[in-house]
Amino acid sequence: MELSILVLSLLALVLFALCCLLFFKNTGLSGAVLGARAELDAIKTQGKTLADRAEKLEDEKANLSAQNRSLERELATLRERERALNEKFGEFSAFSAKIFEEARGKFESSNKSQMDSLLAPLKEDIKRFAGRIEEMNAESERKRGNLEAQIGALKELNTTLGKEARGLAEALKGQNKYAGSWV
Numbered sequence: 093m094e095l096s097i098l099v100l101s102l103l104a105l106v107l108f109a110l111c112c113l114l115f116f117k118n119t120g121l122s123g124a125v126l127g128a129r130a131e132l133d134a135i136k137t138q139g140k141t142l143a144d145r146a147e148k149l150e151d152e153k154a155n156l157s158a159q160n161r162s163l164e165r166e167l168a169t170l171r172e173r174e175r176a177l178n179e180k181f182g183e184f185s186a187f188s189a190k191i192f193e194e195a196r197g198k199f200e201s202s203n204k205s206q207m208d209s210l211l212a213p214l215k216e217d218i219k220r221f222a223g224r225i226e227e228m229n230a231e232s233e234r235k236r237g238n239l240e241a242q243i244g245a246l247k248e249l250n251t252t253l254g255k256e257a258r259g260l261a262e263a264l265k266g267q268n269k270y271a272g273s274w275v
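For what it's worth, this note's numbering labels the leading residue of the sequence shown as 93, then goes sequentially.
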């Protein structure tokens, strides 16, 4: 767009200069014609410079457009890589969580199994100890019952012996009736 405006402006200046040249030529003003020619040459030089500048700007615009397209493709590639990495990260996170849960489950199972195997002998010993204590309590109760029975028998025997000893003591003291009965 800029280039076409620039070229049209240049053409308008050239046409104006030509019209001025023709006008001055026809009117016989040769000094003015020479000045106009010099001005026309300057305008032509300026027009060529502007045309060269416009061409360079068009080339630069084309280069910048190509760079822009290249950068847009690179940006699209980077966004695709980012999306793929985010997707892989999500998959990795899910996979690592699954592995962690499996490992935790195996660890808990293994730990429970190991604890059971370690505590099983202790449980057996405690059961045997409790059984032995119950047996000892039962035997102690039985022996206490026997001991109480024997103590009761000894009390009766002691009472009987005490009565007989008193009777013997009285017989020995002189009562003949008892002495004769006792012998």
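Glycine included, every Cβ here is placed at the ideal spot set by N, Cα and C.
A direct Cα-Cα distance of roughly 40 Å separates Leu100 from Ala168. Leaving aside the five residues that flank Ala143 on each side, the residues in its chain whose CB is nearer than 8 Å to its CB run, in chain order, Leu98, Val99, Leu102. Less than 8 Å separates the beta-carbon of Ile135 from that of Leu105. Listed in chain order, the non-local C-beta contacts of Ala195 below 7 Å within the same chain number zero, local neighbours out to five positions each way being set aside. Annotated three-state conformation of Lys265 is coil, per DSSP.
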